[in-house]
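Worksheet: the structure to be examined is printed underneath.
Number of protein chains: 2
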Amino acid sequence: MPTNRPFARVLDRLKAVGLRPTRQRLALARLLFEQGDRHVSAEQLHDEALQANVRVSLATVYNTLHQFTTLGMLREVVVEPGRSYFDTNISDHHHFFFEDDGQLQDIPGERVELARLPEPPAGTQVRRVDVIVRLGGSKS
Amino acid sequence: MPTNRPFARVLDRLKAVGLRPTRQRLALARLLFEQGDRHVSAEQLHDEALQANVRVSLATVYNTLHQFTTLGMLREVVVEPGRSYFDTNISDHHHFFFEDDGQLQDIPGERVELARLPEPPAGTQVRRVDVIVRLGGSKS
DNA sequence: CAGTAGTTTGGAGTTTTTCCAAACTATTGA
DNA sequence: TCAATAGTTTGGAAAAACTCCAAACTACTG
Ligand SMILES: [Mn+2]
Ligand SMILES: [Mn+2]
Ligand SMILES: [Zn+2]
Ligand SMILES: [Zn+2]
Numbered sequence: 009m010p011t012n013r014p015f016a017r018v019l020d021r022l023k024a025v026g027l028r029p030t031r032q033r034l035a036l037a038r039l040l041f042e043q044g045d046r047h048v049s050a051e052q053l054h055d056e057a058l059q060a061n062v063r064v065s066l067a068t069v070y071n072t073l074h075q076f077t078t079l080g081m082l083r084e085v086v087v088e089p090g091r092s093y094f095d096t097n098i099s100d101h102h103h104f105f106f107e108d109d110g111q112l113q114d115i116p117g118e119r120v121e122l123a124r125l126p127e128p129p130a131g132t133q134v135r136r137v138d139v140i141v142r143l144g145g146s147k148s
Numbered sequence: 009m010p011t012n013r014p015f016a017r018v019l020d021r022l023k024a025v026g027l028r029p030t031r032q033r034l035a036l037a038r039l040l041f042e043q044g045d046r047h048v049s050a051e052q053l054h055d056e057a058l059q060a061n062v063r064v065s066l067a068t069v070y071n072t073l074h075q076f077t078t079l080g081m082l083r084e085v086v087v088e089p090g091r092s093y094f095d096t097n098i099s100d101h102h103h104f105f106f107e108d109d110g111q112l113q114d115i116p117g118e119r120v121e122l123a124r125l126p127e128p129p130a131g132t133q134v135r136r137v138d139v140i141v142r143l144g145g146s147k148s
């Protein structure tokens, strides 16, 4: 029978990438990774941590989000001026963006087919292709 | 024979959309529209204006860029956190984004074929589909 | 357990963008 | 021609998101 080890998964992930499992990092990792795919802003995650009674500074939230992104555990998504979202879904996929309320929704990679794309200019390499489907309410 | 009317085109465009052709607006419109397709930030356009000896405040540059965007003369492109680009190419097209130097380059609409896209969620409507091809130097 | 490298933190700083209310100006039509 | 009006511009203050810093703290190693 499996023991009750609520932190184990997240703890192992931190170890795997060589980050010390500090109280703050562990708590943020749990908020990020233990509830399915999410798109969160730094401010949002900070609020969630405080509500969960985890004392952590906003600077640490930014540090952590950027470390996780650099280590490939998160993906940064930019759709609006003045706010970055961090995506816990790091698989190949795209996004609906609801311009009215600023929400992001995943589009699985296989539901988009890019049948043709130009060659990248000489000396460059494609890092990623983002498809953003911008949505408005039914009126506009 | 055509008279020498350097401002005529831009002036007509302003009239067409119902904006008063003020000194500032006229100058900004010329910088934007009289040299082919461009992707400029507000700060950039402001600098250009000053260098061309056009006294205009940064607030006015923002006002103007947003008015032009609302009126469909410009398109706002967001690829990086913390900076908006305004695109004078309002035709259906996409972008290469050079992550190293922050530059944008147009990809003509017909060079991208989106063979499949999911239906927009009920009650929403597609406003635009952005394809951003993020490029890195040859090393990464 | 002491030493060290990695981590966290509050607060100040930076950058981009927005807001504001006062001054200014293009347009209109009497 | 010009006064009234609505639209425009402006500097400076403010907001919003993010970064930086140096001091304090803590996880790991031996
Ligand atoms: Mn970042
Ligand atoms: Mn805007
Ligand atoms: Zn996603
Ligand atoms: Zn473009």
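So the protein lines, in turn, are chains D and W.
Numbering-wise, the first sequence is residues 9 to 148 according to our numbering.
Numbering-wise, the second sequence is residues 9 to 148 according to our numbering.
For every residue, glycine included, the Cβ atom is placed at its ideal position computed from N, Cα and C.
The structure displayed is predicted, hence computed values, not measured ones.
Residues that DSSP places opposite residue i in a beta bridge
{"i": "Phe41 (chain D)", "result": "The partner list for Phe41 (chain D) (beta bridge, DSSP) is empty, contrary to what the question assumes."}
{"i": "Pro116 (chain W)", "result": "W:His101"}
{"i": "Val18 (chain W)", "result": "Answer is none; Val18 (chain W) lacks a bridge partner."}
{"i": "Arg33 (chain W)", "result": "For Arg33 (chain W), which the question treats as bridged, DSSP gives no partner whatsoever."}
Limits of the alpha helix (DSSP H) - the one that residue i falls within
{"i": "Glu51 (chain W)", "result": "50 to 59"}
{"i": "Arg28 (chain D)", "result": "Premise fails: Arg28 (chain D) is in no alpha helix (DSSP H) and is neither H nor E."}
Cβ-heavy atom distance, residue i to ligand 4, below 6 Å
{"i": "Asp109 (chain W)", "result": "no"}
{"i": "Asp114 (chain W)", "result": "yes"}
Anticipated Cβ contact below 8 Å, residue i with residue j, distance rounded
{"i": "Val25 (chain W)", "j": "Met81 (chain W)", "result": "7 Å"}
{"i": "Pro128 (chain D)", "j": "Val134 (chain D)", "result": "5 Å"}
{"i": "Thr132 (chain W)", "j": "Gly144 (chain D)", "result": "7 Å"}
{"i": "Val86 (chain D)", "j": "Pro89 (chain W)", "result": "5 Å"}
{"i": "Leu22 (chain D)", "j": "Arg33 (chain D)", "result": "6 Å"}
{"i": "Leu36 (chain D)", "j": "Val64 (chain D)", "result": "7 Å"}
{"i": "Glu121 (chain W)", "j": "Ala130 (chain D)", "result": "Not really, about 23 Å apart at Cβ, beyond 8 Å."}
{"i": "Val139 (chain W)", "j": "Val141 (chain D)", "result": "Contact flag wrong, Cβ pair sits at about 10 Å."}
Residue i: CB within 6 Å of a non-hydrogen atom of ligand 3
{"i": "Asp95 (chain D)", "result": "yes"}
Host beta strand (DSSP E) of residue i (start-end)
{"i": "Thr77 (chain W)", "result": "Here Thr77 (chain W) belongs to no beta strand (DSSP E); instead the alpha helix (DSSP H) covers 66 to 78."}
{"i": "Glu5 (chain W)", "result": "Coverage of chain W is limited to positions 9 through 148, which leaves residue 5 (chain W) absent and any answer about it impossible."}
{"i": "Thr132 (chain D)", "result": "132 to 145"}
{"i": "Val86 (chain W)", "result": "83 to 88"}
{"i": "Glu127 (chain D)", "result": "Here Glu127 (chain D) belongs to no beta strand (DSSP E), and DSSP marks it neither H nor E."}
{"i": "Arg91 (chain D)", "result": "91 to 95"}
- Between the region 37 to 51 of chain D and the region 94 to 103 of chain D, do at least 3 Cβ pairs fall closer than 8 Å? The region 37 to 51 of chain D is in contact with the region 94 to 103 of chain D.
- Query: Counting Cβ pairs, one atom from each stretch, are 3 or more of them under 8 Å apart for the region 99 to 109 of chain W and the region 51 to 71 of chain W?
  - Reply: Flag = no, the region 99 to 109 of chain W and the region 51 to 71 of chain W do not touch.
- Query: Should the region 66 to 73 of chain W be regarded as contacting the region 58 to 73 of chain D, the criterion being three or more beta carbon pairs within less than 8 Å?
  - Reply: Taking 8 Å as the limit for Cβ pairs, the verdict is that the region 58 to 73 of chain D does not touch the region 66 to 73 of chain W.
- Message: Using a Cβ distance threshold of 8 Å, determine whether the region 110 to 117 of chain W contacts the region 110 to 121 of chain D, with at least three qualifying pairs required.
- Response: The answer is no - the region 110 to 121 of chain D does not touch the region 110 to 117 of chain W, with fewer than three Cβ pairs under 8 Å.
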